[in-house]
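Residue numbers (this note's numbering), protein chains in the order written: chain A, 1 to 598; chain B, 1 to 352; chain C, 1 to 524.
Working notes for the structure below.
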Amino acid sequence: MAENQRILVCAGTGCASSGALPIIDILNDEIKRQGLEETVTVVGTGCQGFCEKGPTLVIEPQQILYTRVTGEDVAEIVSQELVKGERVERLLLVDQATQKPVSSMADIRFFSKQHRIVLHNCGVIDPKKIEDYTARDGYKGIEKALKGMSPEEVMEEVKKSGLRGRGGAGFPTGVKWGFCRSTPSDKKYIICNADEGDPGAFMDRSVLEGDPHSVIEGMLIGAYAIGADEGYVYCRAEYPLAIKNLGIAIKQAKEAGYLGDNILGSGFNFHLKIFEGAGAFVCGEETALMASIEGKRGMPRVRPPFPAVSGLWGKPTNINNVETWSNIPHILRNGADWYSQFGTEKSKGTKIFALTGKVNNTGLVEVPMGTTLREIIFDIGDGIQGGKKFKAVQIGGPSGGCLPEDMLDLAVDYDTLTQAGAMVGSGGLVIMDETTCMVDIARYFLNFSKKESCGKCTPCREGTTRMYEILDRITKGEGKEEDLDTLENLAITIKETSLCGLGQFAPSPILATLKYFRHEYLAHIHDHKCPAHNCTALLSYSIDTEKCKMCSLCAKNCPTNCISGDKKTNTPYVIDVENCIKCGTCMDKCKFGAVSRA
Amino acid sequence: MEWLTLTIDGREVSVPKGTTVLDACRMNNIPIPTLCHAPELTSAGACRLCVVQIEGMRNLPPSCVTQVAQGMKVETQNPKVRNARKTILELLVANHPLDCMTCQKMGDCSLAEYAYDYGVTGTVYQGEKRCLPIDDGNPFILRDPNKCILCGKCIKACTEIQGKSILDFSFRGFDTQVGPAFNLPYNESDCDFCGSCVSVCPVGALTEKQMAGKGRPWEVSKVQTTCPFCGVGCNFDLNVKDGKVIGVTSNPEVPVNGKALCVKGRFGMDMIYSDNRITTPLIRKNGELVPAEWDEALDLVATKLGEIKKTYGPNSIAALSSAHCTNEENYLMQKFMRAVIGTNNVDHCART
Amino acid sequence: MTNSINEIPNVKAMFVIGSNPTEAHPVIGTKMKQALAKGAKLIVADPRCIDLAEHADVWLRLRPGTDIALINGIMNIILANEWENKEFIAERTEGFEKVREAVQQYTPEVVSKITGVPVEQLQEAAKIYATAERASIFYTLGITEHTCGTDNVMSLANLAMLTGNIGKESSGVNPMRGQNNVQGACDMGALPNVYPGYQQVASPEVRAKFEAAWGVPLDPNPGFMIPDMFGAAVSKDLRALYVMGEDPVITDADANHVRKGLEALDFLVVQEIFLSETAKLADVVLPGASFAEKTGTFTNTERRVQMVNQAIKPIGNAKTDGEIICELATRMGYPFNYESSAEVMQEISKLAPQFGGITHERLGTQGLQWPVPHAEHPGTKFLHEGKFNRGKGLFMAIENQLPAEMPDEEYPFLLNTGRKLSHYNVFTQHSPSLGDHSPEELAEVNPSDAKKLGIEDGEVVQVASRRGELKTKVKVTERVPEGMVFMTLHYFDSPTNVLTNGAYDKVTKTYEYKVCGVKISKIN
């Protein structure tokens with residue numbers, strides 16, 4: 001039994017919704033009951049990243065990971081692990097490749113292949129305690145800046161690091177700061193864009209929840225470099241825990257003298273507020289975000305003027321997203337040279353991806369730029385669920401594109417992905433297997449884009465709906481060959497003429513799937529078939545009378561009562577295709593494989 | 001002033017610094033279609049119809065908000081640009097009623113004009129169309145949101161010309177609408193009915209109710225004149241068809257008010273044809289005012305005034321001239337009193 | 001106006017007093033809102049919470065009839081803070097010391113007591129107006145329609161001169177004329193004491209010029225002003241009245257007195273386009289033509305002479321007013337032979353120096369702002385640049401004066417009158433659409449008064465003054481302060497001017513439309 005152990009219980013939104021929060025209390029009770037309170041501390045941390053296996057907890061210092069823990073497991077964990085130092089085998093992760101349980105995080109590829117800079121503290125510290133942050137060199141970056149560096153030097157350091165905006169566009173951060181810095185004004189603002197809207201992406205939320213001080217420190221450094229004295233964190237209201245933890249952090253930072261007037265006696269002032277957004281995807285766009293803060297309808301406006309010249313309330317404003325800001329303290333603390341050793345020639349540092357879909361290990365992963373898709377999906381992600389075949393990966397959310405299997409060895413960075421027809425975007429990685437229909441997936445993303453279109457510019461407002469309608473027709477088998485030309489023409493026009501990024505990138509899923517999976521479109525149109533057997537309108541179920549034993553199980557379970565037959569009269573079981581809703585229940589229920597889908 | 005040189009469709013032109021590509025084109029008679037642009041309003045860059053291709057620029061930038069840079073190479077009519085514009089027009093037409101034959105805006109509709117120019121068929125995109133209630137609950141403005149192309153000019157006119165901000169976008173994406181807050185009809189909102197929104201609408205979404213069915217643009221002659229209500233002196237165009245005033249449209253070129261007018265100036269001209277107009281002289285006979293010929297009436301007045309002048313002197317006669325009549329008529333009235341009657345007893349409602 | 005309407009968007013501080021531009025001069029109201037959008041400051045002095053008051057940096061809710069005290073108080077504060085423009089006062093004005101002396105007693109505390117405006121607001125207003133780069137005063141009938149109207153105007157002139165806010169672009173004193181061509185009617189000498197171009201009837205040289213031009217001897221004595229006419233009619237000093245395009249029974253104060261005067265006449269001729277209340281009393285009614293049916297010019301409030309162009313023929317058997325006058329003159333033995341209104345303008349330009357360079361042709365689509373002394377002159381955008389008409393601007397020490405009739409026990413409410421957006425005088429009632437949109441008078445009454453009177457929003461009540469009574473619907477609103485009732489002059493069914501007081505300003509004889517005592521009673 002080790003001295004001074006810590007149990008890190010993931011209390012991020014993912015694990016909390018899997019039931020992690022009561023575990024903390026139960027653990028504390030159990031530890032007390034078994035008389036270990038002197039040597040064992042329980043810490044509720046931010047997201048540990050392994051959401052699919054949550055609730056997760058880590059025993060330190062041994063770095064033992066337990067997954068899918070429930071309250072009932074607590075007593076056993078305490079008596080086995082903490083008292084005897086033995087593993088609770090059934091709660092350990094099973095490696096899909098070896099089919100063996102692994103206990104140490106060092107042996108778990110999900111963790112061992114990552115390189116955590118931004119997530120350095122996530123899942124390790126208690127985000128509600130500033131002392132946890134400072135204990136791990138927190139606020140050393142701003143101290144270094146204020147005590148020995150001029151604003152120009154800070155900006156140069158960030159430029160030199162090669163950090164590019166993690167919000168998606170990948171614009172060099174230091175250069176962007178320079179624009180705002182060089183605009184003369186009596187007042188400047190900086191904003192943290194925490195309006196994370198891509199379906200499936202949650203790295204910004206996790207950072208705010210798990211390490212809010214790193215964002216505050218990043219903004220402090222930015223404000224100092226730019227010459228701003230006021231900042232906003234624009235966070236969507238759907239992130240209550242992030243808002244709560246950030247609110248606590250701001251309060252603590254103020255009390256500790258890191259926020260407010262005359263910070264650390266330097267004469268530098270900075271005030272930070274949280275602004276809760278109402279959850280429109282388009283408010284992630286800089287100008288729409290600022291309109292929203294100003295109390296206006298969240299709609300983008302044309303640029304120029306750029307925010308760096310005329311932003312919030314007409315004043316020069318610099319906006320970066322959570323992940324970008326969170327990188328800054330590390331760059332200041334460790335230097336630009338340290339930072340730029342990670343990544344590729346033009347994309348430095350690491351990137352957090354939200355790995356989801358048909359992959360074994362889903363969760364939040366941070367890897368150096370240049371890591372291949374294959375490493376992310378098959379090493380960290382531990383391959384495809386159920387041993388199925390990989391088909392595609394959607395990168396960059398609804399604005400990104402699907403890449404096929406032959407692109408798996410692509411080293412992920414801003415430029416390679418854009419060239420391939422996808423984008424880093426906010427870092428969503430949705431893995432699809434052979435059962436995913438690529439037309440349907442394009443339709444799914446278009447549905448998102450059309451719903452989130454603000455309605456200001458014609459191509460996006462009208463065009464996304466028309467693209468969706470065409471895709472919808474194709475998935476129903478009502479498509480025509482010329483639809484593909486119409487779709488392609490429309491997609492290109494929308495991409496080239498829309499006002500903001502939402503519209504410009506809304507056609508990306510279509511253009512990418514047309515490029516790599518055109519055959520699937522053609523199968524829907526020509527053969528009225530969905531190769532992935534996914535598009536219900538194109539499916540038909542039938543019963544093979546040869547195999548049918550007339551057990552009636554299918555008929556009994558059919559929700560629309562459209563299967564008829566009778567063993568007594570030897571009337572064969574048939575499906576009434578008119579009323580069949582193609583739910584597949586009959587196929588699942590049949591023990592003899594008599595029901596087939598075509 | 002600094003001048004910049006750029007090339008538009010292979011032609012070298014010079015424009016002052018700060019000019020947009022759209023204005024540079026228009027200064028040089030190069031046509032660019034626009035729906036959301038109006039010179040008197042700030043640019044929204046929303047309709048995207050004015051896109052052009054500019055060497056070295058990503059995508060197709062909208063010319064209305066892109067400023068000219070030295071050496072810029074602009075193409076306004078190449079197939080790529082024309083195709084993009086045609087696609088945008090197809091999208092707008094796909095969600096627009098095709099009842100042009102009975103639309104009040106026929107002949108003055110920008111969407112129809114460009115759709116025709118670009119060979120738009122209206123058949124490319126088949127799908128959902130809006131079906132929203134028409135707002136006709138006021139005597140002045142007919143608002144058909146189904147015809148709205150969401151260019152946003154009415155919103156800007158309400159804010160930037162009238163200073164009211166009654167209108168804004170509501171809902172999102174394909175469901176976006178323009179209207180007063182809470183989707184109220186105009187007459188339940190704080191609308192002043194200045195009609196600036198109508199004056200900038202490029203399609204038939206906002207039309208003058210009184211002019212509905214009264215005349216087509218090509219049948220109407222426009223006569224610029226000065227408003228007879230209040231001392232601001234707004235000018236506007238009386239729209240005349242077959243010798244009859246059918247309504248008022250504002251004229252951006254007029255000196256005082258440009259396109260701005262108030263509810264009275266824009267919509268009150270139906271007073272010309274009021275049933276209360278006097279259309280023939282009247283003479284009091286046996287206590288009643290009865291119709292008379294001009295000669296009889298004028299002779300009577302001349303005789304009576306002559307008699308009174310003779311009997312009681314010129315200062316027993318007075319006149320009230322009019323702040324509603326023209327300068328020339330006021331001049332004539334005071335001259336009549338001073339030179340013909342011989343008195344300075346002439347005044348008018350000078351103080352209200 | 002000393003300045004032009006399109007200079008308004010560039011004003012830095014606007015002082016709007018006794019004026020409700022967004023309703024009475026709507027397009028000027030929009031220009032003011034454009035100035036606000038560009039960051040201009042706004043001071044509104046009005047007892048009612050007019051639309052602009054809601055946009056104002058300072059809203060001075062003064063008691064009616066206390067304008068002079070307010071302005072003197074603002075001047076007192078300006079002097080106390082040394083915000084006055086010493087250079088301007090020294091170089092361009094005279095009589096300043098008397099004003100300095102006179103305003104001494106108008107301390108902020110004293111003025112606050114008289115006007116009901118808090119001291120801080122007075123100070124804020126003084127600061128905004130006096131320290132702005134380009135400040136303009138805008139006033140309308142809320143200043144002039146008082147028995148001390150002339151003194152009110154002179155007080156404003158004092159204020160402008162004190163701060164040098166006159167004679168510059170976007171900076172001046174701007175009375176906004178109410179009627180479409182009230183400026184022109186004055187310019188044309190439709191006044192009993194001046195010929196066209198404000199040339200004095202009493203001046204022998206001027207008279208000689210007009211006698212020569214018109215070929216007849218002219219009366220050297222000024223004639224009756226409107227308020228004198230009705231009394232003169234009753235006393236039989238006046239026997240005949242020729243009314244063109246006016247409806248004094250509705251528009252003049254103390255309408256019952258006006259009616260009595262008209263009824264006493266031997267002969268009344270009314271030339272009108274509608275059968276007005278005055279026309280109904282006439283012996284002969286002559287049908288005139290509307291603006292759409294004739295060609296001529298109107299002069300707006302910024303002195304811009306603009307074309308009125310004929311669009312249609314006169315309706316029915318009607319004739320243009322000019323044509324009727326010419327026919328009458330000819331029948332009375334002095335032929336008026338004018339081919340067109342353009343020819344009349346040629347005669348005007350010869351006789352009135354400020355119109356010297358004006359012809360219909362030159363006016364074109366843009367008009368010209370007088371003075372236009374000669375054919376090449378481009379017109380005058382703003383007045384008093386470098387020099388006032390009389391040379392130096394004359395400061396006048398003015399003391400506060402009470403209105404002629406204040407509310408008392410019997411008539412406890414103060415009646416205030418004005419215009420509303422959807423109507424213009426009594427004409428627009430003849431527009432079916434405007435009539436439909438805004439069909440009836442809605443007398444504004446404060447909620448606490450309504451409660452005391454036991455009346456509800458929309459209820460029809462009786463309003464009476466010493467001179468008359470009427471019925472009107474009520475709108476219960478905070479727009480008016482307690483003790484005030486506000487009515488417009490637009491409606492035949494609620495003819496407000498039967499209530500108003502016939503007392504008038506001693507110089508201009510402008511009626512005190514803005515203040516009189518009334519009582520409100522419930523019907524039934």
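Glycine residues also receive a C-beta, built at the ideal position from the N, C-alpha and C atoms.
Range of the contiguous beta strand (DSSP E) that encloses residue i
i              : result
W177 (chain A) : Looking at the DSSP string, W177 (chain A) is not in any beta strand (DSSP E); the run it does join, the alpha helix (DSSP H), is 173 to 182.
Y98 (chain C)  : Tyr is not the amino acid found at residue 98 (chain C); the sequence shown has Lys there. Not the beta strand (DSSP E): K98 (chain C) falls in the alpha helix (DSSP H), residues 96 to 104.
I543 (chain A) : 541 to 543
Beta-bridge partners of residue i, as assigned by DSSP
i              : result
Y491 (chain C) : DSSP lists no partner for Y491 (chain C).
Q177 (chain B) : B:S170
Y516 (chain A) : The partner list for Y516 (chain A) (beta bridge, DSSP) is empty, contrary to what the question assumes.
L42 (chain C)  : C:M14
V59 (chain C)  : It is Trp, not Val, that sits at residue 59 (chain C) in the sequence shown. W59 (chain C) is bridged to C:V44.
E501 (chain C) : Strictly speaking, residue 501 (chain C) in this sequence is Asn, with Glu absent from that position. According to DSSP, N501 (chain C) bridges with C:E512.
I191 (chain A) : A:Y232, A:I319
H271 (chain A) : A:E230
Q224 (chain B) : B:D237
Reduced DSSP secondary structure (H/G/I, E/B, other) of residue i
i              : result
Y139 (chain B) : The question names Tyr, yet the displayed sequence has Pro at residue 139 (chain B). Correct three-state label for P139 (chain B): coil.
W370 (chain C) : coil
K140 (chain A) : helix
Q67 (chain B)  : strand
N534 (chain A) : coil
P404 (chain A) : strand
V461 (chain C) : strand
R304 (chain C) : strand
Any C-beta of chain C under 8 Å from that of residue i
i              : result
C197 (chain B) : no
D192 (chain B) : yes
M333 (chain B) : yes
Beta-carbon contacts of residue i that lie in its chain and below 7 Å, excluding the five residues immediately before and after
i              : result
D266 (chain C) : R239, A240
M183 (chain C) : The displayed chain sequence assigns Gln, not Met, to residue 183 (chain C). Excluding positions up to five away in sequence, the list reads R177, T299, N300, T301, R303.
C234 (chain B) : C227, V256, N257, L261, G265
8 Å CB neighbourhood of residue i in its chain, flanking five on each side removed
i              : result
K388 (chain A) : K358, D433, E434, T435
G288 (chain C) : M244, G245, Q271, E272, I273, A318, K319, T320, D321, I324
Element boundaries [alpha helix (DSSP H), containing residue i]
i              : result
E329 (chain B) : 327 to 335
W214 (chain C) : 204 to 214
Any chain B beta carbon closer than 8 Å to residue i
i              : result
T297 (chain C) : yes
V302 (chain A) : yes
M244 (chain C) : yes
T497 (chain A) : yes
Under 8 Å by beta carbon: chain D residues contacting residue i
i              : result
D168 (chain B) : This model lacks chain D altogether, as its protein chains are A, B and C.
Cβ shell of residue i (< 6 Å), same chain only, five flanking positions each side left out
i              : result
G222 (chain A) : I190
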